[in-house]
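There are 2 protein chains.
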Amino acid sequence: MSRKKTSRNGRRSKTLPNRPVSLKELAGHLDLSPTSLSLVLNDSPAASSIPQETKDRILTAAREFGYRPNFLARSLRAQRSYTLGVLVPELSDGYSAMVLSGIEDHLLEKGYFYLVASHRHDADLIEQYRRLLFERRVEGLIAVDTPCEEGWSLPVVAISRHEEREGVTNIALDHDRAATLALEHLVELGHRRIAFIKGQVFSSDTEVRWQAVRDAALRLDLLVRPRLVAQLEGNSPSPELGYVAARELLAAGEPFTALFAFNDVSAVGAIRAFNEASYRVPEDISVVGFDDVYSAAYQNPPLTTVKQPLRQMGKLAAETLLRRLAAGTGESYPKLLTVMPDLIVRQSTSPARTDVICNSSISQAGLPPELSKQKMIHSSTRRASLESAD
Amino acid sequence: MSRKKTSRNGRRSKTLPNRPVSLKELAGHLDLSPTSLSLVLNDSPAASSIPQETKDRILTAAREFGYRPNFLARSLRAQRSYTLGVLVPELSDGYSAMVLSGIEDHLLEKGYFYLVASHRHDADLIEQYRRLLFERRVEGLIAVDTPCEEGWSLPVVAISRHEEREGVTNIALDHDRAATLALEHLVELGHRRIAFIKGQVFSSDTEVRWQAVRDAALRLDLLVRPRLVAQLEGNSPSPELGYVAARELLAAGEPFTALFAFNDVSAVGAIRAFNEASYRVPEDISVVGFDDVYSAAYQNPPLTTVKQPLRQMGKLAAETLLRRLAAGTGESYPKLLTVMPDLIVRQSTSPARTDVICNSSISQAGLPPELSKQKMIHSSTRRASLESAD
DNA sequence: GTTCGCAACTAAATCGATTTACCACAGGGC
DNA sequence: GCCCTGTGGTAAATCGATTTAGTTGCGAAC
C-alpha cells in the first residue's frame, strides 16, 4: 500500500531508504543546524522562537525521509535506556510466560522494552545475568520467582518473593486467603483427611504457602499429618514431579480423600498417579491445584484450583517499577503489594466418600522401575479399581 | 561474602560503588589517557607497545573499580547493538514460549540479548513493533509464526512461514513427513474414517500442513470427507476453539473413529467435547495432536502427537541469524531450513473399533447455548445440509 | 650531528542526538 | 544614539567509548 515515492527527490532516487538518515544529514539537506531540527522535532520549549513556516519545513522533511532518531545515541545522551530487565527461572513453563505477558502489555504501551534472561535457579547465572543487564543499562529489574540479594543498585520489583530487601518491592499473593479458600472448599465437601504436596525448597512461595496452609488447617480444626505431606523435588517443569510425590503419598499407607497440590502441573501428575493406582478423581480422591494455568481448565477432569492472577501480577510489577522510576531514586516506594487469589471450582473435587479409603495395597506394589517416557497404563486400570478393592 | 573494601582507597571511602565508573574517570585516576586504557582493556593489537607493567596497572585498577564499559556508548560507536528482535503472536501459549526458550539459550551464550513483542496477529501492531525494534537498532529479527512483508531492511529468520521473501530465511517443519507419520499411525491402527481440525486461516502452517495431509491421504488411499473437516476460528490460545470444532464434527453426523487435530491445545478441547458426548478417547475415538507442548504428555489420556522440535527451531533460528550477521549483508544465505517432526505415541490413540460409530444422536442435542466469546456456528450450513438433504 | 626507528603514549575525531550558551539583527522606548 | 527585548537561529559541549593519526623522547646507525 505504500508505493515508493523516491522519485519526488532526485537525490535519493537511487538510494532506497534502507540506511537510516541522521539528524545531521537531514539538517544539511535543509540548510539548517541539527540544533534547530532537534528543538522542533522534540517540541522543546526553546523552539518557541522558530516560526511556524520553518517548523513545517522540518517536520515535512523528517516525514519525507523517514527520519527516526538513533535510539542508542539518544539513550547515551539522556542516560536512559527505556529498557527493563526481567529475570525468570524458566521461560517455557507457563507460569513465567503468563507473567511476562502481563509485563509486556504494560511496558510496550509505555514505550519501554525488556530484556529477559532465564536462570534455572542457578545462583551463578542469576548473578551473571544481573551484571549483564546492568551493563546494558536497564533502568530496573523485575525478578520473577528469583532470589534477590542486597546491593543490586537498581530498583527491583520481585514477584512471589517474601524477603524484605532494600530497594525491592515485593508483589505477593495473599497466601493465607489462598490456603483458606482451598481448605474451606474441601472441608465443606466433607474432607478431613487431606494430603499436601509442598513446593520445591528453592521455590519462593513454598515456605510462605506452607505456613499459611498450616494456619488455615488450625483454624479449621484439621490435622496436618506428616505422612500426608510430600514435597516436590527437582527442577523440571513437568508434571512428573507431582507424579512422584503422589506415589509417595500413596505408598505411605495413610488414608486420605483429598489432595492440595503446590501447583497445577504437579496436580496433573498426581492425578495420573492416582488413576494408575486405580483411584478415580474426584470420586475417590479430590484434587485442588494452584495457579490456574491455561491448561487447567482443560485437564481431564478440569482442575479445581486456586487462581493466581499471574498476568495481573506482571502488569502490576511493570506499573510499579515504572512509577518508581518516574518518582526518582530518593523517593519512597511500596515494600509489599498483595494480590488476591480466587478459587476456581471445576471438576477435580467432589464430596468426600464416607467409606474410608485404605491404600496400603499400593505400598507393596512399589514404584514402577521406569517412569520413563510417557509410557504407563492409566485409564484402563481405572475401571478395575472397584473390583480389586476386594 | 564480598566485604566492602572501600577503605583501600581514601578517595572513594564515602562513595559506594553504586554509580558506574567511566573510562575517563579511571584514566584520570591512573594519570593515563582513556585511549591507553581502551587499547589495553580491549586487548587491541595497538597495545603491543605498552609495557606489561602499565598494562597490569590498568587491569588491576579496572578490576578494583569494577569498571564496565558503557554498553550504549560502545554500541553507538561500533554501530552494533548485540540485540535481536523477536516477534511472536502471543507469549503465553506454550508454542512461542518454547521457541523463545531455544532462542534465548543460544543468544545469551553468544553475548546477545533480544527484545520481544507480541502482536496477536494484528497487522498494524506487527508493523509498529517492527519499526520500534528497528529504531532500537536490533541487528536482525526472528519472526515466529508472523507474516513478514518485503522491505524490512533487516536480516530476518522466520519460523513456520512458507513464503519466499527477500532477506528472509525460513525455518519450517517437514509437513509432508508430519502428515505421513500421523496418518500412517492411524491407518496401521485400522482407522479409515478420519476427521481433521485445520488451523486458523491466519496461522502460517495451516495451508501447507493441510496440503501435506491431503497428499498423504492420497498416498494412503484415504478419503478426506469434507464433512469431517473443521477449522479453528478465533484468536484465543485456549482449547475452547478445538472444543467448538469438535462439536461441529460430531454434529455433522458423519461417523469417524479418529481425529487429527491442528495442535495439542485444540486436541485437548476436542477430547473434552468427545467425552461430553459420551465418547471415550481412545476406545471410541483416537486423537492425534500436533506440537508436543509440555502438557501433552500429561493430559488425560496422554496425547499421541506429532512433535515439532520447537526449542531446536528457536535455537536454529538464533544460530542462523547470528551466522548471517557475521557473514555480512552482501553474503548469500539459506532460504529454507527444514526440521523433522517425530511421532510420539502415547495413549490417545488405539486400534479402531470394528463396529461403526454413529454419532447422529449428538446433532439433536445441538450446540450449547453459550460458547461465550468464541461463539460462532460456522458450520451451521453444514449441519443444515444433513437435515435438508432428507 | 642528523636521521631513522621504535617505545610509550596521547589528541582529536567519531558515533548521533540533546542542550546550554551564545550571536546577530530588528524594532521600540527613552 | 543607546539600551532593551524579542526573533531566529547556531556553535560547541556532552554522553562514553573506540580509533586514527600523531607526538615525544631516546638509542642506534650512518
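Residue numbers (my numbering), protein chains in the order written: chain P, 1 to 390; chain Z, 1001 to 1390.
In this text, a Cβ means the ideal position worked out from N, Cα and C, and glycines have one as well.
Quick caveat: nothing in here was measured; it's all calculated off a predicted structure.
- Judged by DSSP secondary structure, Asn-1275/Z falls within the alpha helix (DSSP H) whose first and last residues are 1264-1276.
- Think of a sphere of 7 Å around the beta carbon of Leu-1091/Z: the chain P residues whose beta carbon falls inside it are Ala-97, Leu-100, Ser-101, Glu-104, in chain order.
- Judged by beta-carbon spacing, His-1119/Z lies within the 7 Å limit of Tyr-1129/Z, meaning their Cβ atoms are closer than that value.
- By the Cβ rule, the segment 288-299 of chain P does not count as touching the segment 315-323 of chain P, because fewer than three pairs are nearer than 8 Å.
- Nearest C-alpha to Thr-1146/Z among Gln-1312/Z, Asn-1263/Z, Ala-1123/Z, Asp-1264/Z: Ala-1123/Z.
- Under the Cβ distance rule, Arg-68/P counts among the residues neighbouring chain Z, one pair being separated by less than 7 Å.
- Among the CB atoms of chain Z, none fall inside 7 Å of the CB of Arg-63/P.
- For Leu-1076/Z, at least one C-beta of chain P is nearer than 7 Å to its own C-beta.
- Between Thr-304/P and Ser-266/P, the gap from beta carbon to beta carbon reaches 7 Å or more.
- With a 10 Å radius around the Cβ and a threshold of 16 neighbouring Cβ atoms, Pro-1301/Z comes out buried.
- Counting only the Cα atoms, Val-138/P lies some 29 Å from Leu-1310/Z.
- Contact of Arg-346/P with chain Z by beta-carbon distance below 9 Å is absent, the smallest such distance being about 12 Å.
- Comparing alpha carbon positions, the residue from Ile-50/P, Arg-77/P, Leu-30/P closest to Glu-64/P is Leu-30/P.
- Setting aside the 5 residues that flank it on each side, Met-1340/Z is surrounded in the same chain by Asp-1174, Arg-1177, each with a C-beta closer than 7 Å to its C-beta; the list follows chain order.
- Using a CB distance cut-off of 7 Å, Glu-1166/Z does not count as an interface residue toward chain P.
- Rounded to whole angstroms, the separation of the alpha carbons of Arg-165/P and Arg-77/P is 31 Å.
- A residue is called buried when at least 16 other Cβ atoms come within 10 angstroms of its Cβ; Gly-1328/Z does not meet this threshold and is exposed.
- Interface with chain Z (7 Å Cβ-Cβ cutoff): Arg-136/P is included.
- Gly-85/P places its beta carbon less than 7 Å from that of Leu-133/P.
- Its Cα nearest to that of Leu-87/P, the residue Glu-127/P stands out among Glu-127/P, Asp-284/P, Lys-24/P.
- Excluding residues up to 5 positions away in sequence, Phe-1260, Val-1288, Val-1306 lie with their Cβ nearer than 6 Å to the Cβ of Ala-1182/Z in the same chain.
- Spatial neighbours of Leu-1091/Z in its own chain (CB-CB distance under 6 Å, excluding positions within 5 residues in sequence) are listed in chain order as Ser-1118.
- Just measuring C-alpha positions, the residue of Asp-284/P, Trp-152/P, Arg-346/P sitting nearest Ala-297/P is Arg-346/P.
- In the three-state DSSP reduction, Asp-124/P falls in the helix class (H, G or I).
- The residue from Leu-32/P, Leu-100/P, Glu-254/P with its alpha-carbon nearest to that of Ala-61/P is Leu-32/P.
- Neighbours of Ala-73/P across chain Z, judged by C-beta separation under 9 Å: Leu-1072, Leu-1076.
- Under the rule that a run must span 3 or more residues, no beta strand (DSSP E) segment is found entirely inside the segment 1030-1085 of chain Z.
- Looking at Ser-1236/Z, Ile-1159/Z, Glu-1254/Z, Ile-1344/Z, the one whose alpha-carbon comes closest to that of Arg-1225/Z is Glu-1254/Z.
- Under the Cβ distance rule, Ser-1295/Z counts among the residues neighbouring chain P, one pair being separated by less than 7 Å.
- For the beta strand (DSSP E) assignment, the uninterrupted runs of no fewer than 3 residues enclosed by the segment 1157-1234 of chain Z are, from N- to C-terminal side, 1168-1173, 1194-1198, 1229-1231.
- At a cut-off of 7 Å between beta carbons, Pro-1309/Z makes no contact with chain P.
- In the DSSP annotation of this structure, the continuous segment of the beta strand (DSSP E) that includes Gly-289/P starts and ends at 286-291.
- Interface annotation, Leu-107/P: not in contact with chain Z, CB-CB separation never under 7 Å.
- Close CB contacts of Thr-83/P within its chain, under the 6 Å cut and outside five residues either way in sequence, are with Phe-113, Val-138 (chain order).
- Of the other Cβ atoms in all chains shown, 16 or more fall within 10 Å of the Cβ of Asp-1292/Z; this residue is therefore buried.
- Burial is judged here by how many other beta carbons sit within 10 angstroms of a residue's own beta carbon; Pro-51/P has fewer than 16 and is exposed.
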